[in-house]
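Protein chains in written order, with the working numbering: chain A, 1 to 92; chain B, 1001 to 1143.
Ideal placement from N, C-alpha and C gives every residue a C-beta, glycine not left out.
Please read these numbers as outputs of a predicted model, since none were measured by experiment.
The next block holds one structure in the form of structure tokens; read it before the comments.
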Amino acid sequence: MRWAEVRAAYPDQWLVIEALDARTELGRRLWHQIAVIERCANGPSTMKRYAVLQREHPRREFCFVHTGTTELEIEERHWSGIRGIGAAHSPP
Amino acid sequence: MESVQLTLRHDLAFVTATLTYRGTTVSVPGVLVDTGAASTVINADLAADAGIFLEPGDKLRTLRGVGGREYVFVRDVDRLAIGENGLDGFEVEIGALDYGLEIGGILGMDFLRATGAVVDLDRLTIEFRRQASPDEAVSIRPG
């Protein structure tokens, strides 16, 4: 689904979403195709579910979001060192 | 110049920070001093103690590095400090920080540069040469 379709299908809700197709352009992470993974009760519980899912599936890309958000504006920053939930859990 | 003790764990340097948000001050132990991080992140569980929770409309960011990426949200806090040294009106990222080791936060280059941090890995101390204004902190923040 596109973000506009997610918003229409799940109005005013907290979601864990997965990027089926996402790309980085000019320092922004653009989500082109989105799967809705879970509905959650509030912001903190959405973050917790996000962290659990990301740890269990380190190669997939999840995010927490509220569908009140008109546009998915996500800035991307580069870090060195180990980053990424599950990075230290996964086998080398 | 106040000198603050660093603690070594897994050969990494940690410090305790204090975070003030809407008048509430909490201690944030286990903050990694990390010149490999552009920005400063606080563990969501500890941020919650100060009343910082993910809300609709919070700005999202993704931190990309070796081993993957993490999504965080962004919030301006009243103050982030190490001992007496800190920054008012500082922007922090809030994340799950689930890296397989106990971590309260990451003190990144935005904070370290703006406070003029001097890390002494022989004596295991950190000192701060200046108290930057929030405007200065903003101006050195990377793109």
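Alpha carbon of residue i to alpha carbon of residue j, nearest angstrom
i: threonine 1062 of chain B; j: tryptophan 14 of chain A; result: 18 Å
i: glycine 1067 of chain B; j: valine 1092 of chain B; result: 22 Å
i: proline 1134 of chain B; j: phenylalanine 1090 of chain B; result: Only weak support is given to the placement of proline 1134 of chain B: the predicted model assigns it a pLDDT of 49, under 50, and the value that follows is read from those uncertain coordinates. Going by the C-alpha atoms only, they are around 6 Å apart.
i: threonine 982 of chain B; j: valine 1015 of chain B; result: As shown, chain B starts at 1001 and ends at 1143. That puts residue 982 of chain B outside it, with no answer to give.
i: arginine 7 of chain A; j: glycine 43 of chain A; result: 16 Å
i: glycine 1051 of chain B; j: glycine 1108 of chain B; result: 22 Å
i: proline 11 of chain A; j: alanine 4 of chain A; result: 10 Å
i: glycine 1104 of chain B; j: alanine 1096 of chain B; result: 10 Å
i: arginine 1079 of chain B; j: glutamate 56 of chain A; result: 35 Å
i: isoleucine 1094 of chain B; j: arginine 1123 of chain B; result: 30 Å
DSSP-derived helix/strand/coil call for residue i
i: glutamine 13 of chain A; result: coil
i: threonine 1020 of chain B; result: strand
i: proline 58 of chain A; result: coil
i: threonine 1025 of chain B; result: strand
i: serine 45 of chain A; result: helix
i: aspartate 1058 of chain B; result: coil
i: tyrosine 50 of chain A; result: helix
i: aspartate 1078 of chain B; result: strand
i: leucine 1046 of chain B; result: helix
i: phenylalanine 1053 of chain B; result: coil
i: glutamate 5 of chain A; result: helix
i: aspartate 1110 of chain B; result: helix
i: isoleucine 1103 of chain B; result: coil
i: histidine 1010 of chain B; result: coil
Residue-chain proximity (residue i, chain B), Cβ-Cβ < 8 Å
i: tyrosine 50 of chain A; result: yes
i: histidine 78 of chain A; result: yes
i: cysteine 63 of chain A; result: yes
i: proline 11 of chain A; result: no
i: arginine 7 of chain A; result: no
i: glutamate 75 of chain A; result: yes
i: methionine 1 of chain A; result: no
i: glutamine 39 of chain A; result: With the sequence shown as reference, residue 39 of chain A is identified as arginine, and glutamine is not the correct amino acid for it. No, no contact with chain B.
Cβ-based burial, residue i [other Cβ within 10 Å; buried from 16]
i: serine 80 of chain A; result: exposed
i: arginine 1069 of chain B; result: buried
i: serine 1027 of chain B; result: exposed
i: histidine 32 of chain A; result: exposed
i: valine 16 of chain A; result: buried
i: glycine 1030 of chain B; result: buried
i: serine 1003 of chain B; result: exposed
i: isoleucine 1126 of chain B; result: buried
i: methionine 47 of chain A; result: buried
i: aspartate 1120 of chain B; result: exposed
Closer than 8 Å to chain A by CB, residue i
i: glycine 1036 of chain B; result: yes
i: glycine 1089 of chain B; result: no
i: leucine 1006 of chain B; result: no
i: serine 1027 of chain B; result: no
i: threonine 1062 of chain B; result: yes
i: glycine 1104 of chain B; result: no
i: glycine 1030 of chain B; result: no
Within-8 Å CB hit, residue i to chain D
i: histidine 66 of chain A; result: Of the protein chains in this structure, namely A and B, none is chain D.
Identified DSSP bridge partners for residue i
i: glutamate 25 of chain A; result: A:Arg28
Proximity test, residue i beta-carbon vs the ligand NAD heavy atom, cut-off 7 Å
i: alanine 22 of chain A; result: Summarising the ligand content, the structure contains no ligands, and the ligand NAD is consequently not present.
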